[in-house]
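Heads up: the structure comes next, in structure tokens.
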Amino acid sequence: MKRTLLIARREYVAYAKTVGFWLSLLAFPLFAVLGGGIPLLIRSAEPIKVVAVIEEGPAATGLATAVRASLQSDLDRQTERLREAAEKGQAGAGRAVASISGPKIRLVAPPPAIAEATGPARDAAIKTALDKETPKDRRLDAVVFLSRVDGKPAAQVWTGRANDNDVSGFIRGALRDARRTELLTAAGVAPAVAQEVQSFRPEVKAFSPNAASGGEVSMRDRIPSFIGLAAGFLLWSLVITGASILLNSVMEEKSNKILEVLLSSASATEILTGKVLGVAMLTLSVLVVWGGIGTFGLVSASPQTAATVGQVLMHDGLVFYFIAYMVGGYLMYAVLFAAIGAFCETPRDAQTLMGPIMMILVVPMLVMQMALTSPDAPVVKVLSWIPFFTPFLMSARAPSDPPLVEIVLTLIGMFATAALMVWIAGRAFRAGALSDVKLSWKSFGRAITGRG
Amino acid sequence: MTAALTLESVSKRYGGFDAVRDLSFQVPKGSICGFLGPNGAGKTSTLRMILGLQEASAGRIDILGAPNGRSVRDRIGFLPEERGLYKKMTPVEAIAFFGALKGLPMNEGKKRAKLLLEQQGLGAAQKKKMKELSKGMAQKVQLIAAVVHKPEFVILDEPFSGLDPMNQQGLEEMIRGLAADGATVLFSTHVMQHAERLCDKVVLLARGKKAFEGSVDEAKATSPRFLDLNGAITPEAAAALPGVAGVETLSDQDGVRRLKIALAPGAGGQETLKAAFLNGLDVRGFALKEPTLHDAFIGLTGDHPDQAVTPSETAQ
Numbered sequence: 020m021k022r023t024l025l026i027a028r029r030e031y032v033a034y035a036k037t038v039g040f041w042l043s044l045l046a047f048p049l050f051a052v053l054g055g056g057i058p059l060l061i062r063s064a065e066p067i068k069v070v071a072v073i074e075e076g077p078a079a080t081g082l083a084t085a086v087r088a089s090l091q092s093d094l095d096r097q098t099e100r101l102r103e104a105a106e107k108g109q110a111g112a113g114r115a116v117a118s119i120s121g122p123k124i125r126l127v128a129p130p131p132a133i134a135e136a137t138g139p140a141r142d143a144a145i146k147t148a149l150d151k152e153t154p155k156d157r158r159l160d161a162v163v164f165l166s167r168v169d170g171k172p173a174a175q176v177w178t179g180r181a182n183d184n185d186v187s188g189f190i191r192g193a194l195r196d197a198r199r200t201e202l203l204t205a206a207g208v209a210p211a212v213a214q215e216v217q218s219f220r221p222e223v224k225a226f227s228p229n230a231a232s233g234g235e236v237s238m239r240d241r242i243p244s245f246i247g248l249a250a251g252f253l254l255w256s257l258v259i260t261g262a263s264i265l266l267n268s269v270m271e272e273k274s275n276k277i278l279e280v281l282l283s284s285a286s287a288t289e290i291l292t293g294k295v296l297g298v299a300m301l302t303l304s305v306l307v308v309w310g311g312i313g314t315f316g317l318v319s320a321s322p323q324t325a326a327t328v329g330q331v332l333m334h335d336g337l338v339f340y341f342i343a344y345m346v347g348g349y350l351m352y353a354v355l356f357a358a359i360g361a362f363c364e365t366p367r368d369a370q371t372l373m374g375p376i377m378m379i380l381v382v383p384m385l386v387m388q389m390a391l392t393s394p395d396a397p398v399v400k401v402l403s404w405i406p407f408f409t410p411f412l413m414s415a416r417a418p419s420d421p422p423l424v425e426i427v428l429t430l431i432g433m434f435a436t437a438a439l440m441v442w443i444a445g446r447a448f449r450a451g452a453l454s455d456v457k458l459s460w461k462s463f464g465r466a467i468t469g470r471g
Numbered sequence: 039m040t041a042a043l044t045l046e047s048v049s050k051r052y053g054g055f056d057a058v059r060d061l062s063f064q065v066p067k068g069s070i071c072g073f074l075g076p077n078g079a080g081k082t083s084t085l086r087m088i089l090g091l092q093e094a095s096a097g098r099i100d101i102l103g104a105p106n107g108r109s110v111r112d113r114i115g116f117l118p119e120e121r122g123l124y125k126k127m128t129p130v131e132a133i134a135f136f137g138a139l140k141g142l143p144m145n146e147g148k149k150r151a152k153l154l155l156e157q158q159g160l161g162a163a164q165k166k167k168m169k170e171l172s173k174g175m176a177q178k179v180q181l182i183a184a185v186v187h188k189p190e191f192v193i194l195d196e197p198f199s200g201l202d203p204m205n206q207q208g209l210e211e212m213i214r215g216l217a218a219d220g221a222t223v224l225f226s227t228h229v230m231q232h233a234e235r236l237c238d239k240v241v242l243l244a245r246g247k248k249a250f251e252g253s254v255d256e257a258k259a260t261s262p263r264f265l266d267l268n269g270a271i272t273p274e275a276a277a278a279l280p281g282v283a284g285v286e287t288l289s290d291q292d293g294v295r296r297l298k299i300a301l302a303p304g305a306g307g308q309e310t311l312k313a314a315f316l317n318g319l320d321v322r323g324f325a326l327k328e329p330t331l332h333d334a335f336i337g338l339t340g341d342h343p344d345q346a347v348t349p350s351e352t353a354q
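Residue numbers (the working numbering), protein chains in the order written: chain P, 20 to 471; chain D, 39 to 354.
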């Protein structure tokens, strides 16, 4: 046991000292922050655009008012979202969503130089107003001319940047609403009724006997599926990362001729166990750091969601299923990769067996997404009984309450396969470590059967 | 003297190839034993069976009272033929780590490592990474790692290979030091000079079979003494002299030859030399030579020790 722990400790320290480990440790949270935060930051840091709206001719009368009403409606909706988020204790998340989704437009009265001019003089005045060199208090981001073409609302939008579509998009929506109101009114619908139709947002509530409340489906009911999928993906990436570290570690020791010295000091089982344990600790450290950062982020942004996630994980011991699938999955793949590493001195040597294994590992990645919407689909159920897929697919399915017998039997199957893999890998590891034979299915098979 | 190691009829078979055949020998406690043979003779396979890294196909092994090295791992030090240590560790860390695997507390291992490195002239290299050391330095560090836990039995597989003469001499001193401290040393080599200088006992292996077991002097006694004759002498005339078992022409320059005459067992050489003079042979120089272990090896095995056994016969 002492030797196993010594080997595990060396394995852990050797990797924890490398720059690559710290980069990979920080890469995931960094990408999560960058992936989620930067668009948010860009959007929220985007300045409010100053837009002048001008009605061209009597036919366009009322369109500017409709545009203003549309903007006000958007602002009211944003205020409502913030209020709802604050009520749910999700002020941070609400602010974040509002900062992205809210309109970033301020309508101003058109400058006389534009409103009163015509022809080339007007164009020149517009260009001056949109010019970056124009003082800020007189500068505009867009000038919109509202008109009618064949009796229908239309617009000509001038913007400072040729590829700025925000104002065009907003005006398009506003004019569509205006046209709808016009048509309804023309059809004899009272303006108040038309307005009501315009702003109507149907309230659709989902109910399910399996919802936590016993009736209405809430966010609390949707979170488990996402947690299952996230757990499956997380487990997949951790297993691949951990097993790859082991493969490289054993391969390095083989090529540096260290394995034979190690084998004279400890048994093959002790070495294999020590290495698997060391890398498991390494993987666990990564998980704790990622989990810690994720929890901190979630609690800060949305304490209520964080509490729901906590409840889901503790519900029916779900977190313990995840741990069991993680242990079994890691053990199966880690010992297999370590055994392959014992036959290889270069990554090219390892490709012979790694190719088919990686192809097998792609399958659960594809099926896990199906498990999100249809956890009981026959293909998902059947594949989750295959021990090599069990950890990933059952992690994805576990939150949707599969029958207990399925959970227990797949766990038994997975751990029995893991035990078989440990036995096979132990034999192969010992044979490979002392052999100069290049890895092939044949040499691997001979090592397992003791003929190598 | 009691035996630290006993092998009885040990064999190792790989598929259809017999790497070691019916091998029996003993290594007395506290002795230095040379395990000699050409490359591919089965030395490494035998050492691995002794250590318990490989199972013997047949036979019995007894090392320090145990059936194989696995159960007395902590009492054995081992230096494999192909050497390597963790490249990013310092020598002190590497030595202490391997010492700890053998049951030596880590702090004690570090203390001993520093002391042994100083003794081997590697004091300045203590804080360097292994990858920064020369091959000779790394080999010394590995040997220290193999013996830092003060093992009772030390197994060294081709310890002199790749070392320059200075480091070879240093290593010979280390091996003598280990034996002086009471350890039993078994080392394999195909360089006979080291065995001749170091060993109390040698075991000669050829094509997986034992060719000889005994002291260096006993091994040499199996080989004839030689008489070097220099002069205008034909090999036929030399062969006709009394006490001559064989003649080999070492050089021939316009009829002036250097002949290596193998003397018959029991022949002292004086009779042969006297007859040469009496027969009027043109003897311009002569020297009587004792056989070396190298000569004994060739005589006993028919192999040259530096020659490898054909690849198809190698263990793995």
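Beta carbons: idealized from backbone N, C-alpha and C, even for Gly. Because the structure is a prediction, the values reported are computed rather than measured.
Expected contact under 8 angstroms - CB spacing of residue i and residue j to nearest Å
| i | j | result |
| --- | --- | --- |
| P/V386 | P/V399 | 6 angstroms |
| D/D195 | D/E119 | 4 angstroms |
| P/M270 | P/G360 | 4 angstroms |
| D/S47 | D/G97 | 4 angstroms |
| D/G72 | D/F191 | Not a contact, Cβ separation roughly 15 angstroms. |
| P/L165 | P/L82 | 4 angstroms |
| P/P122 | P/L90 | 6 angstroms |
| D/P280 | D/E256 | That belief does not hold up - the Cβ atoms of D/P280 and D/E256 are roughly 26 angstroms apart, past 8 angstroms. |
DSSP state of residue i mapped onto helix, strand, coil
| i | result |
| --- | --- |
| P/A71 | strand |
| P/T153 | coil |
| P/Y34 | helix |
| P/L53 | helix |
| D/Y52 | strand |
| D/Q92 | coil |
| D/N268 | strand |
| P/T137 | coil |
| P/D183 | coil |
| P/V308 | helix |
| P/P172 | strand |
| P/I290 | helix |
| P/P66 | coil |
| D/Q354 | Legend: pLDDT at D/Q354 = 34, less than 50; position of this residue unreliable, value from coordinates given subsequently. It is coil, neither helix nor strand. |
| D/L171 | coil |
| P/R158 | coil |
| P/R220 | coil |
| P/R29 | helix |
| P/V208 | coil |
| D/R121 | coil |
Inter-residue Cα distance where the pair is residue i and residue j
| i | j | result |
| --- | --- | --- |
| D/Q180 | P/Y349 | 34 angstroms |
| P/F315 | P/L332 | 16 angstroms |
| P/E201 | P/E74 | 17 angstroms |
| P/V305 | P/N267 | 18 angstroms |
| D/A313 | D/P273 | 15 angstroms |
| D/K152 | P/Y34 | 25 angstroms |
| P/L296 | P/Y352 | 13 angstroms |
| D/A278 | D/L338 | 25 angstroms |
| P/A357 | P/K36 | 21 angstroms |
| P/A213 | P/R87 | 17 angstroms |
| P/G451 | D/P76 | 25 angstroms |
| D/R214 | D/L236 | 7 angstroms |
| D/T227 | D/F198 | 8 angstroms |
| D/A184 | D/V223 | 12 angstroms |
Review point. Going along the chain, which unbroken runs of the beta strand (DSSP E) with 3 or more residues stay wholly within the region 184 to 228 of chain D?
Key: Correct list: 191 to 195 and 222 to 227.
Review point. Would you say the region 401 to 420 of chain P touches the region 324 to 339 of chain P, given that touching needs at least three Cβ pairs under 8 angstroms?
Key: Contact between the region 401 to 420 of chain P and the region 324 to 339 of chain P is present, with at least three C-beta pairs closer than 8 angstroms.
**Study point:** Segment contact, 8 angstroms Cβ cut-off, at least three pairs: the region 219 to 237 of chain D with the region 59 to 78 of chain D
**Key:** The region 219 to 237 of chain D, when compared against the region 59 to 78 of chain D, does touch it at the 8 angstroms Cβ threshold.
**Study point:** alpha helix (DSSP H) runs wholly inside the region 399 to 458 of chain P, at least 4 long, in chain order
**Key:** With a minimum length of 4 residues, the continuous alpha helix (DSSP H) runs that stay inside the region 399 to 458 of chain P are 409 to 416 and 423 to 452.
**Study point:** Any 3 or more C-beta pairs closer than 8 angstroms across the region 127 to 134 of chain D and the region 162 to 173 of chain D
**Key:** Yes: the two stretches touch, three or more of their Cβ pairs being nearer than 8 angstroms.
Exercise for review: Mind the definition here: the region 174 to 183 of chain P touches the region 156 to 164 of chain P only if three or more C-beta pairs lie below 8 angstroms; say whether that holds.
Suggested key: Touching, yes, given that three or more Cβ pairs across the two stretches are closer than 8 angstroms.
Point to revise | Inter-stretch contact (C-beta, 8 angstroms, three-pair minimum) for the region 294 to 302 of chain D and the region 257 to 267 of chain D | key: Touching, per the Cβ criterion.
Check your understanding: Are at least three pairs of beta-carbons, each pair with one atom in the region 80 to 100 of chain D and one in the region 48 to 56 of chain D, less than 8 angstroms apart?
Key -> Taking a cut-off of 8 angstroms for Cβ pairs, the region 80 to 100 of chain D and the region 48 to 56 of chain D touch, as three or more such pairs fall below it.
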